[in-house]
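Novice: Protein chains in written order, with this note's numbering: chain A, 46 to 304; chain B, 149 to 481.
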Ligand SMILES: Nc1ncnc2c1ncn2[C@@H]1O[C@H](COP(=O)(O)OP(=O)(O)O)[C@@H](O)[C@H]1O
Ligand SMILES: [Mg+2]
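1) Buried or exposed: residue 182 (chain B), going by 16 or more other Cβ atoms within 10 Å of its Cβ?
2) Do you know how far the Cα of residue 165 (chain A) is from the Cα of residue 361 (chain B)?
3) Consult DSSP for residue 185 (chain A) and reduce its assignment to one of helix, strand or coil.
4) If you draw a straight line from the alpha carbon of residue 24 (chain A) to that of residue 80 (chain A), how long is it in whole angstroms?
5) Can you give the Cα-Cα distance for residue 149 (chain B) and residue 205 (chain A), rounded to whole angstroms?
6) Excluding five sequence neighbours on each side, which residues of the same chain lie with their C-beta closer than 6 Å to the C-beta of residue 78 (chain A)?
7) Applying the criterion that 16 or more other CB atoms from any shown protein chain within 10 Å of the CB defines a buried residue, is residue 481 (chain B) buried or exposed?
8) Is it buried or exposed for residue 205 (chain B), if we count other Cβ within 10 angstroms and need 16 for buried?
9) Just to confirm, does residue 295 (chain A) get its C-beta within under 6 Å of one of the non-hydrogen atoms of ligand 1?
10) Which residue wins for smallest C-alpha separation from residue 393 (chain B), given the options B:399, B:408, B:400 and B:384?
11) Measuring only from the beta carbon, is residue 242 (chain A) closer than 6 Å to any heavy atom that is part of ligand 1?
12) If the cut-off is 7 Å on Cβ atoms, which residues from the region 117-144 of chain A count as contacting chain B, listed in chain order?
13) CB-CB under 6 Å to residue 262 (chain A), same chain, minus the five flanking residues each way: which ones, in chain order?
14) Where are the alpha helix (DSSP H) runs, 4 residues long or more, that stay fully inside the region 366-400 of chain B, in chain order?
15) I'd like to know if the region 240-258 of chain B and the region 297-307 of chain B are in contact, where contact means that at least 3 CB-CB pairs between them fall below 8 Å.
16) Select from B:273, B:459 and B:326 the residue whose C-alpha is nearest the C-alpha of residue 202 (chain B).
17) In the DSSP assignment, what are the bridge partners of residue 192 (chain B)?
18) Only counting the same chain, and skipping five residues up and downstream in sequence, which positions put a Cβ closer than 7 Å to that of residue 408 (chain B)?
19) If contact means a Cβ-Cβ distance below 7 Å, which residues of the region 211-240 of chain B contact chain A?
20) Given that residue 356 (chain A) touches chain B, what residues does it touch there, using C-beta distances under 9 Å?
21) From the beta carbon of residue 455 (chain B), is the nearest beta carbon of chain A less than 7 Å away?
22) Tell me whether residue 138 (chain A) is buried or exposed, calling it buried when 16 or more other Cβ atoms sit within 10 Å of its Cβ.
23) Cβ closer than 8 Å: which chain B residues qualify as neighbours of residue 246 (chain A)?
24) On the three-state DSSP scale, how would you describe residue 279 (chain B)?
25) Which of the three DSSP states is assigned to residue 423 (chain B) in this structure?
26) Quick check: the region 350-368 of chain B against the region 316-326 of chain B, are at least 3 beta-carbon pairs closer than 8 Å?
27) Using C-beta distances below 7 Å, list every residue in its chain close to residue 152 (chain A), excluding the 5 sequence neighbours before and after it, in chain order.
28) Since residue 151 (chain A) meets chain D, which of its residues come closer than 8 Å, beta carbon to beta carbon?
29) Measure from the C-beta of residue 467 (chain B) to each C-beta in chain A and report whether the shortest distance is under 7 Å.
30) In chain order, what residues of the same chain have a beta carbon less than 8 Å from the beta carbon of residue 226 (chain B), not counting five sequence neighbours either side?
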């Protein structure tokens, strides 16, 4: 409990640090809004010529975008520290974390707040809300439950994918893996059915971007049976364990920041 | 008590050919160069000691400190800090120690110093009375209040290092590691830093382990030095015993009324004169072997070819002593 309290104190301090630069505050917030809106334009262009992609209409596909934006936004907003671990190594930040009587994960999670994430999250929620309202969904209790669970677990999955990838870059001492994971992120914005089987499996298990977007969307829209939602908690547990494993290995290999 | 037994650290430096092909080959074969930075170091330090850990650049000082503080994993050997293995029980060890790295700040970059301190107070669970007593002491010696409201980013180096040392001492650690804490600082800040370190060592019995290139730090703070070279301990002694053991060349500083041609050459040609040079136009500096010359006989001799205005004997300094240790170490190889 004490560590939770310290985490919140760290976050509050980060936030106050940000507030000191009011101009920055607004700029990064709008940058978040803008960059996601540009992403949406692409969706518009895609659907201007064809009416459905793998049986999904434009509003159905927009639900996927909304989910991905929310995950991305929450990560950027609160857990920016999981990005670019190698940079933190080079700057000696990891050395500093090791000198403190706190777990390394806690310090990495609590490192930074980035307000661009607030813009992205709000865009995501707006896109999600508007699209769902245009889709005549019958909001039975289990659909509401699926929506809530996906909005909580989605960002958790997103953060852990990011963290695992960042740790893997450290471990393998190379950037190749980051490019691959970023490409998979883009794939999470479209219906899984358009990809070959191997990619579908990958997106549901090892790099489960589809569990953030496609799984809850397909269940909410009746494109998959209700039991399909089990991919969501399963992927969350799997990526959590994977992240812990990769991070542990990366720290085991840690050779310090040099001089 | 702090002990290191056969402590060794080898860095594996990846041997990669350039380009993608090299990266892939490296991934498969994984060839490494080994750099042994610390090589079988042994020492044992009692609670309350103040020890200087010194050696030339690249000797392995920082690497040793990083292993003692739990940042780096030793390749082999054993460390105990108050009975704790800093690698296996990093968090437990972290509670007992305070650490300052001269080149890097331990403070949060974007947060006011004040707020960093209050975070640290919470993290280390520092009781209110201890916290305010410590702040009072730091304020008295360091005058922290003038920049407590600024973020670390905005501090000058001198202010930042004062804040850093204070931050490292906030939780009353029983051992403090200082790696080049005074590097690049102005004299005033250096002296304030020394004063505080000395005070917590003498009055609170805090163990101090210090690396520094400024031997004034060593003289003022430490009573024992461990000299390390190429990763190995080449000397571990009380400073006082060391001074007695190294019958040093003595030094003379002589002020002449004018430059005297031929004098330096004549001095250098003599046996038992280890050094002769003009420090400036009027000041001659001579070092000699006390077994072959006395200061008086030399002054008398120089007096015959030049006009001496003044002279003084130079005390053997730790600096020259350490130079000798390095020199004798080089000779042994
Ligand atoms: N992270 C690292 N990777 C590879 N070599 C390192 C690393 N850190 C230090 N070294 C090497 O180890 C040796 C000892 O370094 P260091 O302990 O920093 O020396 P000192 O602090 O005594 O100047 C040096 O040769 C240095 O280049
Ligand atoms: Mg060093």
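Backbone N, C-alpha and C fix where the C-beta goes; we use that ideal spot for every residue, glycine too.
Specialist: Let me spell this out:
1) Classification for residue 182 (chain B): exposed.
2) Roughly 50 Å separates the two Cα atoms.
3) Note: residue 185 (chain A) maps to coil in three-state DSSP.
4) Look at the range of chain A in this structure, 46 to 304, and you will see that residue 24 (chain A) is not part of it.
5) Residue 149 (chain B) and residue 205 (chain A): Cα-Cα distance of roughly 41 Å.
6) If you ignore the 5 residues before and after residue 78 (chain A), its C-beta comes within less than 6 Å of the C-beta of 164 and 168, all in its own chain and listed in chain order.
7) For residue 481 (chain B), the predicted model reports a pLDDT of 45, less than 50, meaning its position is unreliable; a value from the coordinates is still stated below. Taking all protein chains in view, the Cβ of residue 481 (chain B) is surrounded by fewer than 16 other Cβ atoms within 10 Å, so the residue is classified as exposed.
8) Under this definition residue 205 (chain B) is an exposed residue.
9) False, no ligand heavy atom lies under 6 Å from that Cβ.
10) Comparing Cα-Cα distances from residue 393 (chain B) to each of B:399, B:408, B:400 and B:384, the minimum goes to B:384.
11) No heavy atom of ligand 1 is found nearer than 6 Å to the CB of residue 242 (chain A).
12) Listed by position along the chain: 137, 140, 141, 143 and 144.
13) Hits under 6 Å: 108 and 109.
14) For the region 366-400 of chain B, whole alpha helix (DSSP H) runs of length 4 or above, ordered along the chain, are 387-393.
15) The region 240-258 of chain B vs the region 297-307 of chain B: in contact.
16) Nearest C-alpha to residue 202 (chain B) among B:273, B:459 and B:326: B:326.
17) In DSSP, residue 192 (chain B) forms a bridge with B:151.
18) Excluding residues within five positions, the ones whose Cβ falls inside 7 Å are 453 and 454.
19) Answer in chain order: 214, 217, 218, 219, 220, 238 and 239.
20) Since the first and last residues shown for chain A are 46 and 304, residue 356 (chain A) lies out of range.
21) Chain A, which has no Cβ nearer than 7 Å to the Cβ of residue 455 (chain B), makes this no.
22) Residue 138 (chain A) should be labelled buried.
23) Correct list: empty, because the minimum Cβ distance to chain B is about 24 Å.
24) For residue 279 (chain B), the secondary structure class from DSSP, reduced to helix, strand or coil, is helix.
25) In the structure shown, the three-state DSSP call for residue 423 (chain B) is strand.
26) Segments in contact, yes.
27) Only 142 and 145 meet the Cβ criterion.
28) This model lacks chain D altogether, as its protein chains are A and B.
29) False, the Cβ-Cβ gap to chain A never drops below 7 Å.
30) Excluding positions up to five away in sequence, the list reads 151, 152, 153, 154, 155 and 233.
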